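Let me begin by presenting the structure, written as structure tokens, before commenting on it.
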Amino acid sequence: MVLVKNSSGSRGAKLIKSFWAITKGEQQIINAHSANLFLQACKAFTGKNSAVKCVEVLISNPSGVAALERAVRADLSPDFITSTTLPFILTLSDDGVIALNNGGFLRQILSAILEPCTFWSASMDAYTSGRLDSLGLEAFAWLCLQIVSDQANFGAHKLAVEQIMEHQSLLKSQLPEVRKIAYRIDKVIKIFSQPGLVTSGVTPGGRHDNDHANFRQICIYPTSDELTSTDPPYLQRLGEVFDTPMDARSQTYRDWLFRLLREDMLSELREDLQVAMGRKKSKRQPVALGQMEFVNIEVDNTTMRHIHPYSLFVACGQGVNFPRNMSRDKKVAFLANSKHFMKHDSFGALCCNDKIIAFGSLVRNDTNLLKSPPIVGLKFTDNSGLKSALTAFQSPIKNQLKFLIVGTATFAYEPILERLKTIADLPLEAQLIDHGQPSLEVLRPSRLDALLDRSRASLEADVGITLTSKFTYNKEISLRGAQLKSFIHGLSSDLALIQGPPGTGKSFLGAIILLTILRLTTSRVLVLSYTNHALDQFLEDLMGIGISSDQIVRLGSKSTGATKPTLLREYGGQKRFWLTMEEKSILNKLRAAEIVLNDECQEYSKKLTRCNIDPADILEHLEFSESFASAWSASDDDGFEIVDSRGKVTVPEAIYDYWLRNGNITGMGRLNDLLEESSRGFWDLSHESRTQLHHDWAHNVRQDQIASFVDLSKRLNDTKAKIKSILDERSRKVLKDKRIIGCTTTAAAMYQSIIETATPDVILVEEAGEILEAHIITAMSASVKQLILIGDHKQLRPKVGNYNLTKEKGEHTWAFELTQTLTHELTHNSNSQNSYELSLSYRR
3 MVLVKNSSGS RGAKLIKSFW AITKGEQQII NAHSANLFLQ ACKAFTGKNS
53 AVKCVEVLIS NPSGVAALER AVRADLSPDF ITSTTLPFIL TLSDDGVIAL
103 NNGGFLRQIL SAILEPCTFW SASMDAYTSG RLDSLGLEAF AWLCLQIVSD
153 QANFGAHKLA VEQIMEHQSL LKSQLPEVRK IAYRIDKVIK IFSQPGLVTS
203 GVTPGGRHDN DHANFRQICI YPTSDELTST DPPYLQRLGE VFDTPMDARS
253 QTYRDWLFRL LREDMLSELR EDLQVAMGRK KSKRQPVALG QMEFVNIEVD
303 NTTMRHIHPY SLFVACGQGV NFPRNMSRDK KVAFLANSKH FMKHDSFGAL
353 CCNDKIIAFG SLVRNDTNLL KSPPIVGLKF TDNSGLKSAL TAFQSPIKNQ
403 LKFLIVGTAT FAYEPILERL KTIADLPLEA QLIDHGQPSL EVLRPSRLDA
453 LLDRSRASLE ADVGITLTSK FTYNKEISLR GAQLKSFIHG LSSDLALIQG
503 PPGTGKSFLG AIILLTILRL TTSRVLVLSY TNHALDQFLE DLMGIGISSD
553 QIVRLGSKST GATKPTLLRE YGGQKRFWLT MEEKSILNKL RAAEIVLNDE
603 CQEYSKKLTR CNIDPADILE HLEFSESFAS AWSASDDDGF EIVDSRGKVT
653 VPEAIYDYWL RNGNITGMGR LNDLLEESSR GFWDLSHESR TQLHHDWAHN
703 VRQDQIASFV DLSKRLNDTK AKIKSILDER SRKVLKDKRI IGCTTTAAAM
753 YQSIIETATP DVILVEEAGE ILEAHIITAM SASVKQLILI GDHKQLRPKV
803 GNYNLTKEKG EHTWAFELTQ TLTHELTHNS NSQNSYELSL SYRR
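Per this note's numbering, the very first residue in the sequence shown carries number 3; after that it's consecutive.
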């Protein structure tokens, strides 16, 4: 059997008609034959349109994914899998599908195929028995690669892939395409495995509950145990990293970057907590919210979209201090002019005495602040923090809780640290972890090669070259000597550093290099800087030499007058960047799910803010215990209702309340006759015993309610993330349309899913000497083929909060060297051939 015998002509038209009918739910997959036709129809639709369009239709239509789930399981024979199912799966390897919705649609499709494991188990059997043909084997290998690359899902599947790789059967395949995929599988498994970090007898793990050998298991924010631990953290020094054998250096390098940067954040956080707790003096007056009571805030669906799911609202009897004797109208004016008062997104910690319960940030709403008592939102960092906070607000310690505003700039660390955890493919890795590695030989466009040949000949002859005004869009530019040498270096090396003191024209030369890339190649360039000021200045330089602003997109909210037209939001009104019909359909489904989840969260929020547990909730909890449940009800199949001794119709809630008040069963009329013998013991209990049982049951119900609320909040958070990803498709389309993408390094980590889809080929880093290495590494998408650093390591150095982590703290042989930058490493490494220096100043 083949996937499609003939998908052209009338048969192709019938297949596509069937494809639409099945995805819309008008036809069903009922057997292997209809499954085969559906998978053929998917292939035919892909051939006429694209794999991207096929995936969008499957997800956006009501029965698309469900039909695929049935189709891949309709026939689990090796023949059907290798001839029909796996070839269809291979069509999903299209780059456009992988990039679509930041891989979210592909993950949804793969989840439908792989879970439950019936298809995967049958595929494994077909593979181990040698029943897969060459196309099926390639598809199976690609599927294995997707499994190991997804760190959040497919845990059981990963173990099977790891066992396959241990036997090296894919690595030894006769098919070069399969071996190529197997090499990538092997690399990903090694990257995400626990690195060998034993150095000088010191090992990671065992110091506290957040100290793990594998850095990816470390929570970004510290636990209370970690903050109170007196043991020094496990940190490697730069020399140890580069002394690690090459086969393990990649994992060690990532580990070093993560642990050092996180420790820098923790040092600031510890100090800010000391100030907030009053243990250390500071010019800043600490703010502590106290006498807090968890309250329910009802919001409409529009407002709900702007509230983070991990948020709780609390009425504050202490800490929200308006100026004295201020009327409501004056408070309104005060809030309008005082954005730093109860500043939105201020980072803080929920504490009980000296114990940290959870970390979070303020959610400021002026209307809520005007209430009496004032109400603020607390947005917690994750679902575990939300659960800890809810538990604390429902416990006897609730009156001792305080929210301390510490103000640590965690927003500058978190996206970088999160990105370091997830990096699988690091481009130019060989050159980054071994500075002696030569540049890779790449095939360049003939026009660029011709320019480089002419430039090298001019350099050898000690003469310059002139870029004409036609080439530069502006005026003639002459390059010679060190500038010409750096120009050649910047265009020909995959890892290049152009350095020099102020006034030597580094930035100008960087702009000329970028202009040349635009003129002579089809490459897309990502321009990075540490500060918004440096970024805007460089983008203005680009426009100053004739590059049109329409070729540039700037990420972030800040800009100058000149760079404002390049802001991402400025392109939003152009129709070519709008969502497709399929994307809008998916968005509408997600919006509907969001509303349902929000309503459910609201219901649980109401329950959690009530002082007492509703008897109906207790009875629902007890429903699954036969002896408990029957104590307040009785089987009555004769159609009559149960009444008490006064003839009043009773319901289980009323019976439970009567029991709790120490009522006697004889007062329940017919219930006394119908009650099962096993339940009578509950009615013989003393009032004290009944009260104790009620408290135990109420506690269990409250814990269930907390767990349900947290679970719903997580699902709502996941749904909001999917909605954001769909809306980000507009931004992805803008970035794909532009040749130059500009952003700060922090923004690069925050917008990584958008940038990655745009597949930048070159990264140019302005003022690279003041940027930590981790910030540059996290900005590098797998598509990057060249990294150009422009800066002077002798000028501004990176800002860090922990001096003990810097090179200056001690001798080079033992320093951690957090402030070490790529510019410094490339300059001082004796094996590096990547650095060129400008010395002649052009400033007047």
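A virtual CB, placed ideally from N, CA and C, is assigned to each residue, including glycine. The structure displayed is predicted, hence computed values, not measured ones.
Per-residue burial, residue i [other beta carbons within 10 Å of its own, 16 or more giving buried]
{"i": "G14", "result": "buried"}
{"i": "N51", "result": "exposed"}
{"i": "E462", "result": "exposed"}
{"i": "I467", "result": "buried"}
{"i": "T815", "result": "Its pLDDT being 43, under 50, T815 is placed unreliably in this model, and the coordinates cannot settle the point."}
{"i": "Q850", "result": "Nothing about residue 850 can be reported from this structure: the residues present for the chain run from 3 to 846 only."}
{"i": "L729", "result": "exposed"}
{"i": "E813", "result": "Because the pLDDT at E813 is just 48, under 50, the model does not fix this residue reliably, and the value given afterwards should be weighed accordingly. Looking at its Cβ environment, which holds fewer than 16 other Cβ atoms inside 10 Å, E813 is exposed."}
{"i": "F21", "result": "buried"}
{"i": "D152", "result": "buried"}
{"i": "A154", "result": "exposed"}
{"i": "N104", "result": "buried"}
{"i": "F382", "result": "buried"}
{"i": "A53", "result": "buried"}
Range covered by the beta strand (DSSP E) that runs through residue i
{"i": "M344", "result": "Careful: M344 lies outside any beta strand (DSSP E) and carries neither H nor E."}
{"i": "E678", "result": "Premise fails: E678 is in no beta strand (DSSP E) and is neither H nor E."}
{"i": "K381", "result": "377 to 382"}
{"i": "F405", "result": "403 to 407"}
{"i": "V529", "result": "527 to 531"}
{"i": "A498", "result": "497 to 501"}
{"i": "G744", "result": "742 to 746"}
{"i": "S480", "result": "479 to 481"}
{"i": "V556", "result": "Checking the sequence shown, residue 556 turns out to be Arg, not Val. 554 to 556 is the span of the beta strand (DSSP E), which, as asked, contains R556."}
Reduced DSSP secondary structure (H/G/I, E/B, other) of residue i
{"i": "M294", "result": "strand"}
{"i": "F510", "result": "helix"}
{"i": "H814", "result": "The pLDDT assigned to H814 is 46, lower than 50, so where the model puts this residue is not dependable; a value taken from the coordinates is nonetheless given after this. Coil."}
{"i": "K357", "result": "strand"}
{"i": "V853", "result": "Outside the shown range of the chain, which is 3 to 846, sits residue 853, and nothing can be said about it."}
{"i": "S20", "result": "helix"}
{"i": "Q170", "result": "coil"}
{"i": "A76", "result": "coil"}
{"i": "F349", "result": "strand"}
{"i": "V204", "result": "strand"}
{"i": "L237", "result": "coil"}
Endpoints, the alpha helix (DSSP H) within which residue i is located
{"i": "T721", "result": "689 to 739"}
{"i": "S226", "result": "226 to 230"}
{"i": "L766", "result": "Run containing L766: none in the alpha helix (DSSP H); it sits in the beta strand (DSSP E), 764 to 768."}
{"i": "S313", "result": "Here S313 belongs to no alpha helix (DSSP H); instead the beta strand (DSSP E) covers 313 to 320."}
{"i": "Q788", "result": "From DSSP, Q788 is part of no alpha helix (DSSP H) but of the beta strand (DSSP E) over 788 to 793."}
{"i": "I191", "result": "178 to 193"}
{"i": "T759", "result": "754 to 759"}
{"i": "T611", "result": "583 to 611"}
{"i": "L469", "result": "Premise fails: L469 lies in the beta strand (DSSP E), 467 to 469, not in any alpha helix (DSSP H)."}
Beta-carbon spacing of residue i, residue j below 8 Å
{"i": "A128", "j": "I83", "result": "yes"}
{"i": "I792", "j": "S509", "result": "yes"}
{"i": "I756", "j": "A781", "result": "no"}
{"i": "L263", "j": "Y415", "result": "yes"}
{"i": "L92", "j": "F156", "result": "no"}
{"i": "Y223", "j": "R261", "result": "no"}
{"i": "I309", "j": "V316", "result": "no"}
{"i": "E596", "j": "K722", "result": "yes"}
{"i": "D266", "j": "F217", "result": "no"}
{"i": "L569", "j": "I742", "result": "no"}
Interface flag, residue i vs chain B, CB-CB below 8 Å
{"i": "H169", "result": "Of the chains in the structure shown, none is chain B; there is only one protein chain."}
Residue i: CB within 7 Å of a non-hydrogen atom of the ligand SAH
{"i": "E625", "result": "The model depicted lacks the ligand SAH and carries no ligand whatsoever."}
Contact between the region 612 to 620 and the region 312 to 320: three or more CB pairs below 8 Å?
-> no
Segment contact flag, the region 339 to 352 with the region 253 to 266, C-beta cutoff 8 Å, min 3 pairs | no
Taking contact to mean at least 3 C-beta pairs separated by less than 8 Å, is the region 650 to 668 in contact with the region 688 to 706?
-> yes
The region 450 to 457 / the region 289 to 304 touching (three or more Cβ pairs under 8 Å) | no
Does the count of Cβ pairs from the region 377 to 385 and the region 695 to 702 closer than 8 Å reach three?
-> no
Decide yes or no for the touch test of the region 545 to 558 against the region 514 to 528: beta carbon pairs closer than 8 Å, at least 3 of them.
-> yes
Would you call the region 737 to 754 and the region 600 to 609 touching, i.e. three or more CB-CB distances under 8 Å?
-> no
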